[in-house]
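Novice: Chains as they are written, first to last, in full-length UniProt numbering: chain Z, 1 to 278; chain V, 1 to 294.
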Amino acid sequence: MSVSIAKGNTNVKIDTTVMQPTAVNSDKKVVFDTKDLNLWYGDTHALKDINLPIYEKEVTAIIGPSGCGKSTYLKTLNRMVELVPSVRTSGVITYNGREILSKSFKVEELRTRVGMVFQKPNPFPKSIYDNIAYGPKIHGIRNKKIIDEIVEKSLRGAYIWDEVKDRLKENAYGLSGGQQQRLCIARTLAIEPDVILMDEPTSALDPKSTHKIEDLIQELKQDYSIVIVTHNMQQAARISDRTAFFLNGEVVEYDHTDTIFTNPSDMRTEDYISGRFG
Amino acid sequence: MKYVDVTQVQKRMNGRILKNNSFKVLFLLATIFGLIVLGVLIAQVLTDGLSWINWDFISGKLSTDANRAGIMGAILGTFWVMVVVAPVTLIIGIGSAIYLELYAKKGRVQSFIQTNIANLAGVPSIVYGILGLTIFVRALDFGNIVLAGGLTLSLLVLPIVIVAAQEAIRSVPQHLSEASYGMGATKWQTIKNIILPAALPGILTGAILALSRAIGETAPLTVIGIPALLIPFPGGIFDKFTALPMQIYYWTLDSSLVEEYANLAAATIVVLLLLLFILNSTAIIIRNKFQQRY
Ligand SMILES: Nc1ncnc2c1ncn2[C@@H]1O[C@H](COP(=O)(O)OP(=O)(O)O)[C@@H](O)[C@H]1O
Ligand SMILES: [Mg+2]
């Protein structure tokens, strides 16, 4: 059985018999569209026939047990997977209609449009200021006044300005883990991306810092499209608009978060969110 | 029933503790042995040489008269050799390390090169002397000037610098370069701004230790024919020269002719040791000061 789903200006055929993403209707614009994506690490088939539209200015959560390919999928969206030499891909990912997996799309450009926040806070061993200024500088901005402005704007955007404004010249390693992670978010904002990818951004943080980052994500989605991998089901339920459930490299179910958590259509999704495995 | 039986454990306890303590004593003795040998060596050198060290000895010209001989020529020679060795090994060493760690595809060729660099580090230094004699002194016709000696010693310590720099680069955590790539930086921007600054203390430490190895070497310099004659002070890298270890070598050789030469050799050893001590301490200070904390 096969149904046709209208999303924005594209039509995608989705075969529901193999439990592909279920009906996700929306008039929202699609930022990232993934079609028949397969990915191998050498012989390991890590992503299998992924079809997944990601919508603009929403929070899309990716959940699933360890090793199911969440990080791999996220890193495919900004082609960070290419840092692993054995990676091969097939299929198509379009970003605002442009095919990103082809060599003609320069990764440097893609990663300027699509920022990333990592699992473990990873500030550079530099000052707070230099951490934020790094992005604008590598993209060729030399004017000190403009960089100053970007630094302040980004730190404000990540709600950490008040905590660090008097110590911008201090080493970022003096910050707490939660502050470091917000600094990393600010550093990503400084390259003014459209999309922010976050790979379990709160898994190394205490509950209070986690709460701050969740609030921040809610604010950021006014201006950015966010894709977040999370291990924490409550977190997905709290902050995301849509949720994709991954299992063994496949998308088992993809729907509005409410639907996924209250009325999942696949048994495995239900088992997972009710904590029966994973 | 419990597998860990308390009475059994008690029975074996004394034996275990005895073994524990004996090994502690054994390792302590090994350390003490090393320290004693070192102490005797230094004491010997100091008693023979210390009273001979004075400003005239440091700043004086070479002379066959033991009471008038000085080592300024050798000090300057060693200095100019360092002026050649330091930049050559740093530039080539860091360059090779960057290529091998960050650009070369991991595979057969890369591991072949890697193995050979490790092997080169173990080649006897006299072999490098022969290489230097063949290439720099004869084929390129430099003669036995500072440049030839410096390049020969550079070849000798290059493997050490490359390996140290590779280790320093490898120890820069992946998550830092990922952060940089993740913001759209190119590979070169990431290397220049993130990887090299983080690796620099390790690279410098390795380079200084290699430098101190180079200035203590004698064999390769004898092979390329560095004299300890009454030559003028070297004023640059194109001059003929002698170096501290050469000076020590010739004075020791001739101490059967003139007894005081043995004291002069000892005094020169003190100076060389002091120099090495300063270099090695600098390396340690750099390492501690920039102790990485990510
Ligand atoms: N660099 C890599 N090399 C080889 N296999 C990898 C690599 N990274 C991940 N994998 C494999 O790909 C699969 C998916 O991993 P990952 O995307 O990290 O899962 P998740 O983030 O959902 O825990 C796993 O089986 C993992 O072992
Ligand atoms: Mg992961």
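Ideal placement from N, C-alpha and C gives every residue a C-beta, glycine not left out.
The model shown is predicted, which means the values in this text are computed figures rather than measured ones.
What does V:A198 touch in chain Z if you count any residue whose Cβ is under 8 Å from its own?
Specialist: Position 198 of the second sequence, counted from the first residue, corresponds to residue 198 of chain V. Chain Z residues near V:A198: P125.
Novice: May I have a chain-ordered list of the alpha helix (DSSP H) segments no shorter than 4 residues that lie completely inside the stretch 172-216 of chain V?
Specialist: The qualifying runs are 174-182, 187-190, 196-216.
Novice: For V:A139, count the other beta carbons within 10 Å of its own beta carbon; 16 or more makes it buried, fewer makes it exposed. Which is it?
Specialist: Numbered from 1 along the second sequence, position 139 holds the residue referred to as residue 139 of chain V. V:A139 should be labelled exposed.
Novice: Buried or exposed: which applies to V:R16, given that a residue is buried once 16 or more other Cβ atoms fall within 10 Å of its Cβ?
Specialist: By one-based count along the second sequence, residue 16 of chain V stands at place 16. Flag for V:R16 reads exposed.
Novice: On the DSSP letters alone, give me the boundaries of the beta strand (DSSP E) that Z:I50 sits inside.
Specialist: To locate residue 50 of chain Z, count along the first sequence from 1; it is residue 50. First-last of the beta strand (DSSP E) with Z:I50: 44-55.
Novice: Count the other CB atoms within 10 Å of the CB of V:G93; is the residue buried (16 or more) or exposed (fewer)?
Specialist: On the second sequence, position 93 is the one that residue 93 of chain V refers to. By the 10 Å Cβ count, V:G93 comes out buried.
Novice: Output the boundary residues of the alpha helix (DSSP H) element that contains Z:T95.
Specialist: Here residue 95 of chain Z corresponds to residue number 95 of the first sequence, with the count starting at 1. As written in the sequence, residue 95 of chain Z is Tyr, which differs from the Thr given in the question. Per DSSP, Z:Y95 belongs to no alpha helix (DSSP H); it is in the beta strand (DSSP E), 87-95.
Novice: Where does V:F23 fall in DSSP's three states?
Specialist: Here residue 23 of chain V is taken as the residue at index 23 of the second sequence, counted from 1. Note: V:F23 maps to helix in three-state DSSP.
Novice: Going by C-alpha to C-alpha distance, which of V:A243, V:A179, V:T282 sits closest to V:I195?
Specialist: Counting from one through the second sequence, the residue named residue 195 of chain V turns up at place 195. When only C-alpha atoms are compared, the closest one is V:A179.
Novice: Report the start-end ranges of each alpha helix (DSSP H) in the stretch 197-270 of chain Z that is 4 residues or longer and not cut off at the edges.
Specialist: Listed in chain order, they are 207-220, 233-239, 257-262.
Novice: With a threshold of 16 other CB atoms inside 10 Å of the CB of Z:Y95, please say whether the residue is buried or exposed.
Specialist: Numbered from 1 along the first sequence, position 95 holds the residue referred to as residue 95 of chain Z. Buried, since its Cβ has 16 or more Cβ neighbours within 10 Å.
Novice: To the nearest angstrom, report how far apart V:S96 and Z:S102 are at their CA atoms.
Specialist: The sequence position of residue 96 of chain V within the second sequence is 96, counting from 1. The sequence position of residue 102 of chain Z within the first sequence is 102, counting from 1. The alpha-carbon atoms of V:S96 and Z:S102 are separated by roughly 31 Å.
Novice: If we require 3 or more residues per run, which beta strand (DSSP E) segments fall completely within the stretch 242-279 of chain V?
Specialist: None, since the stretch 242-279 of chain V contains no complete beta strand (DSSP E) of that length.
Novice: Output, in chain order, the set of chain V residues within a Cβ distance shorter than 9 Å of Z:K120.
Specialist: Locating residue 120 of chain Z in the first sequence gives position 120, where the first residue counts as 1. Correct list: H175.
Novice: If distances are taken between C-alpha atoms only, which option among Z:K70, Z:P65, Z:P193, Z:M80 comes closest to Z:H139?
Specialist: Mapped onto the first sequence, residue 139 of chain Z falls at position 139. Here the closest residue by C-alpha is Z:P193.
Novice: Is the beta carbon of Z:V251 within less than 7 Å of some heavy atom of ligand 1?
Specialist: For the purposes of this step, residue 251 of chain Z is taken as residue 251 along the first sequence, with counting starting at 1. No - ligand 1 has no heavy atom lying nearer than 7 Å to the Cβ of Z:V251.
Novice: Anything in chain V within Cβ reach of Z:M80, meaning under 9 Å, just list it in chain order.
Specialist: What you label residue 80 of chain Z is simply residue 80 of the first sequence in a count that begins at 1. Residues of chain V passing the Cβ test: E178, Y181, G182.
Novice: Within 7 Å: the Cβ of Z:V229 and any heavy atom of ligand 2?
Specialist: The residue you call residue 229 of chain Z lines up with position 229 of the first sequence. For ligand 2, at least one heavy atom lies less than 7 Å from the Cβ of Z:V229.
Novice: Return the first residue and the last residue of the alpha helix (DSSP H) that Z:D130 is part of.
Specialist: In the first sequence, residue 130 of chain Z corresponds to position 130, counting from 1. Its alpha helix (DSSP H) spans residues 128-138.
Novice: Under 7 Å Cβ-Cβ, which residues of chain Z neighbour V:A168?
Specialist: For the purposes of this step, residue 168 of chain V is taken as residue 168 along the second sequence, with counting starting at 1. Chain Z residues near V:A168: none, gap ~14 Å exceeds 7 Å.
Novice: Should Z:I138 be flagged as near chain C, meaning a C-beta pair shorter than 8 Å?
Specialist: No chain C appears in the structure shown, which is made up of the protein chains Z and V.
Novice: Which residues does DSSP list as the beta-bridge partners of Z:M116?
Specialist: Position 116 of the first sequence holds residue 116 of chain Z. According to DSSP, which records beta bridges pairwise, Z:M116 is partnered with Z:L197.
Novice: Counting Cβ pairs closer than 8 Å, one from the stretch 33-49 of chain Z and one from the stretch 198-211 of chain Z, do we hit at least three?
Specialist: Judged by Cβ distances under 8 Å, the stretch 33-49 of chain Z makes no contact with the stretch 198-211 of chain Z, as fewer than three pairs qualify.
Novice: Ignore the nearest five residues each way along the sequence and tell me which others in Z:A46's own chain have a CB closer than 7 Å to its CB.
Specialist: As a working mapping, residue 46 of chain Z is identified with position 46 in the first sequence. If we look at Z:A46 and ignore the five residues flanking it on each side, its Cβ neighbours are L39, W40, G69, T72, G249.
Novice: On the DSSP letters alone, give me the boundaries of the alpha helix (DSSP H) that V:L158 sits inside.
Specialist: Translated into the one-based positions of the second sequence, residue 158 of chain V becomes position 158. Element bounds for V:L158: 146-170.
Novice: Beta-carbon of V:T186 versus every beta-carbon of chain Z: anything under 8 Å?
Specialist: Sequence index remark: in the second sequence, residue 186 of chain V carries index 186 (1-based). Taking Cβ atoms only, chain Z reaches closer than 8 Å to V:T186, which makes this a yes.
Novice: Exposed or buried, what is V:A118 when buried is set at 16 or more other beta-carbons lying within 10 Å of its beta-carbon?
Specialist: If you number the second sequence from 1, residue 118 of chain V lands on position 118. Exposed, because fewer than 16 other Cβ atoms sit within 10 Å of the Cβ of V:A118.
Novice: Under the three-state reduction of DSSP, which class applies to V:T134: helix, strand or coil?
Specialist: On the second sequence, residue 134 of chain V is found 134 positions in, with the first residue counted as 1. Helix, per DSSP.
Novice: Taking only the alpha-carbon atoms, compute the straight-line gap between Z:P21 and V:I162 and give it to the nearest angstrom.
Specialist: Sequence index remark: in the first sequence, residue 21 of chain Z carries index 21 (1-based). Sequence index remark: in the second sequence, residue 162 of chain V carries index 162 (1-based). Summary for Z:P21: the model assigns pLDDT 45, below 50, so the residue's position carries little reliability; its value from the coordinates is reported in the next sentence. Roughly 52 Å separates the two Cα atoms.
Novice: Buried or exposed for residue 297 of chain V, going by 16 or more other Cβ atoms inside 10 Å?
Specialist: As displayed, chain V neither begins before 1 nor continues past 294, which places residue 297 of chain V out of reach and without an answer.
Novice: Taking the alpha carbon of V:T205 as the reference point, which residue from V:L275, V:T282, V:L29, V:L155 has its own alpha carbon closest?
Specialist: Counting from 1 along the second sequence, the entry for residue 205 of chain V is found at position 205. The shortest Cα separation from V:T205 among V:L275, V:T282, V:L29, V:L155 belongs to V:T282.
Novice: Quick check: the Cα distance between V:F79 and Z:R113, rounded to an integer number of angstroms?
Specialist: For this step, residue 79 of chain V is matched to residue 79 along the second sequence. For this step, residue 113 of chain Z is matched to residue 113 along the first sequence. Answer to the nearest angstrom: the Cα atoms are 53 Å apart.
Novice: Per DSSP, which residues does Z:L37 bridge with? Please list them.
Specialist: Against the first sequence, residue 37 of chain Z aligns to sequence position 37. BP columns for Z:L37 point to Z:I50.
Novice: I need the DSSP call for Z:A190, collapsed to helix, strand or coil.
Specialist: The sequence position of residue 190 of chain Z within the first sequence is 190, counting from 1. Z:A190 falls in the coil class under three-state DSSP.
Novice: With a threshold of 7 Å (Cβ to nearest heavy atom), would V:E178 be considered close to ligand 2?
Specialist: Position 178 of the second sequence, counted from the start, is the residue given in the question as residue 178 of chain V. No.
Novice: Determine the chain V residues that contact Z:L83 at a beta-carbon separation under 8 Å, and present them in chain order.
Specialist: Within the first sequence, residue 83 of chain Z is the residue found at index 83, counting from 1. Chain V residues near Z:L83: E178, Y181.
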